[in-house]
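Colleague:
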Amino acid sequence: MKEKNKIFVQAMPHYIEAQSEPEKHRYVFAYTITITNQGEIPAQLLSRHWLITDANGKVQEVRGSGVVGEQPYLKPGESFRYTSGAMIETPVGTMQGDYSMRSDEGDEFLADIPKFTLSIPRVLH
């Protein structure tokens, strides 16, 4: 049985060496997010909430309307993909969070963004 409101979120991070300055504790990452409506009814992304944690335990909390200036509307089976970025002070960190969504039936619900790792190449095996 399909769920009425089901949003699947997939993240693909990568290190941006050209914009990073390790000697200044500045590590820049881009991440591409794919949001897929696996539910039974259309839903719109209203806002985002991120927790970005570096290896020292420093947490950046980010909240905002939509993603990359958009509030995508997804019919069942549709996906939306975007790329954004984050900067942390250590070579390794994590990101996780959620999207606030509203279905066509007026239900507001959270779509979980599973934790993913930010890591410069050759640090984690």
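The sequence shown begins at 961 in the numbering used here and counts up by one.
Beta carbons are placed, not taken as given, at the ideal position from N, Cα and C, and that holds for glycine.
List the DSSP bridge partners of Gly1053.
Modeller: In the DSSP output, where bridge partners are listed per residue, Gly1053 has Asp1014, Leu1078.
Colleague: Could you tell me which of Arg1008, Gly1053, Gly1029 sits nearest to Gly1017, measuring between CA atoms?
Modeller: Gly1053
Colleague: Quickly, what does DSSP pair His985 with across the bridge? List them, please.
Modeller: According to DSSP, His985 bridges with nothing at all.
Colleague: Within its chain, find whatever has a CB closer than 6 Å to the CB of Ala971; leave out the 5 residues flanking it on each side and keep chain order.
Modeller: Tyr991, Ile993, Phe1076
Colleague: Evaluate contact between the region 981-990 and the region 1002-1009, counting only Cβ atoms and requiring at least three cross-stretch pairs below 8 Å.
Modeller: no
Colleague: Measuring only the C-alpha atoms, how far is Ser1039 from Gly1029?
Modeller: 17 Å
Colleague: Taking just the CA atoms, how far does Ile1073 sit from Gln1056?
Modeller: Approximately 5 Å, taken between the alpha carbons.
Colleague: Counting only the same chain and skipping the five closest in sequence on each side, list residues whose C-beta sits under 6 Å from that of Ser1079.
Modeller: Val1052
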